[in-house]
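Residue numbers (our numbering): 3 to 432.
Positions of the beta carbon are idealized from the N, C-alpha and C atoms, including for glycine.
Contents: one structure, followed by commentary.
Next comes the structure, spelled out in structure tokens:
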């Protein structure tokens, strides 16, 4: 049975996504949800009830739905980055518009500056409104209008249909940014992989092979004892990682280790498909050059075969990277220690959120795991504390901090039979 993927976006974006999806020749089934206003996205449960994954045309509808409904199936959005700018900048250049006097939205300042630098275009000041939460159309439109009325800009460049239509109606020269076909393709593949993972994560095995590649070279510069200590340090890093992620670890050679876990556990505890936290930990704590290969499979033999192939691909890339091969042969990689900027996140970026909350990513993942274990829409500090083995006071402080930063919201309260104030009920949005 093929993966059922819900695709949500305005009509023109849906048509573009559909044309790219046709390349996959029935590998998955698309169910479309076209909208003109966000209000049409209310009460989506009946739409996604029988779906495996959701793909949004952009981050605006993604954050709108996530903030209000937070579906319990994997969600991905098609990002906008610097490569999306090339076509619209060509159109602006063709139309003889001053490219140093523009207002942008959705695309980050860093991506704009990098693209201008690559194209050797003049850039005085970057006017953009980037967001990692729901932002009303009116705010985005007002931002463009104010810059135009103050004569700071000659044209507006937007990623959103509604602002494009309204700004054009107001007589402002406006250009629309669409994602490239390659970015859409990446998002489709990511959504497909998440959908497959959601189906199989309870049963599939995941094997991680880690091999130190430069031990022989190091023996020319260091004593055998020093190299052995480095290998012991690497084993300790892997042991810590295994403990955090409920994996078992086996030494399979002088310089090779195997970690055994489940696909579900691996996905739950890491940002696996957008980077390699394990590789990041190794690079931060060891001078050894390592290759990492991950294999999925219904049996240990299939998973190990895939992991071995992935390890070979990693070695071919020169090491310090990771490849993943799923049971059906799909290859993901190379993944580096950093997070890929082109990946649509399944969830809010945990690394950014951890910085915002002044909390470790590990603790944030523990919260996420506890929420899945409790399996309730709303949670009280007492329930979170019990699931995480924390005091109710500590859990209340965590939820309060998350609420202040927009990562949780209060949805009600639960009266107590004894004296005291009712317990607040939170909906956590990660």
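If you draw a straight line from the Cα of residue 38 to the Cα of residue 189, it is about 22 Å long. Relative to the Cα of residue 232, the nearest Cα in the group 291, 60, 147 and 130 belongs to 291. Within the DSSP bridge table, the entry for residue 214 names 292 as partners. When the alpha-carbon of residue 161 is set against those of 23, 21 and 15, the nearest one is in 15.
Within the same chain, Cβ atoms closer than 6 Å to the Cβ of residue 327 are found at 297, 308, 311, 312 and 333, the five residues on either side in sequence being excluded. Judged by their CB atoms, residue 158 and residue 105 are nearer to each other than the 8 Å cut-off. Exposed is the label assigned to residue 245, since fewer than 16 other Cβ atoms lie within 10 Å of its Cβ.
Only residues of its own chain outside the window of five on either side were considered, and among them 79 have a CB closer than 6 Å to the CB of residue 61, listed in chain order.
Per DSSP, residue 67 is not a residue of any beta strand (DSSP E); the alpha helix (DSSP H) it occupies stretches across 61-70. Taking 8 Å as the upper bound for CB-CB distance, residue 107 and residue 131 are in contact here, some 5 Å apart. Residue burial annotation: residue 141 is exposed, with fewer than 16 other C-beta atoms found within 10 angstroms of its C-beta.
Under the 8 Å Cβ criterion, the segment 20-34 does not count as touching the segment 170-180, having fewer than three qualifying pairs. Counting only residues of its own chain and dropping the five nearest sequence neighbours on each side, residue 72 has a CB closer than 8 Å to the CB of 429 and 431. The alpha-carbon separation between residue 254 and residue 237 amounts to approximately 12 Å.
Under DSSP, residue 106 shares a beta bridge with 130 and 159. Contact annotation: residue 359 and residue 404 have beta-carbon atoms nearer than 8 Å. Within the segment 389-418, the complete beta strand (DSSP E) segments of 3 residues or longer fall at 410-416, listed in chain order. Residue 406 and residue 370 have their C-alpha atoms roughly 18 Å apart. About 5 Å separates the beta carbon of residue 114 from that of residue 128, a gap short enough to meet the 8 Å contact definition. Sequence-distant Cβ neighbours of residue 195 in its own chain, meaning closer than 8 Å and more than five residues away, are 275, 328, 332 and 334. Taking the Cα of residue 52 as reference, the smallest distance to any Cα among 148, 26 and 7 is reached at 7. Looking at the DSSP output, residue 90 sits in no beta bridge, so it has no partner there.
According to the DSSP assignment, residue 233 belongs to the alpha helix (DSSP H) that extends over 226-246. The alpha carbon of residue 200 has as its nearest neighbour, out of 210, 54, 361 and 94, the alpha carbon of 54. Look at residue 382 here: in three-state DSSP terms it is coil, with no helix or strand label. Closest in alpha carbon position to residue 168, among 155, 282, 147 and 9, is 147.
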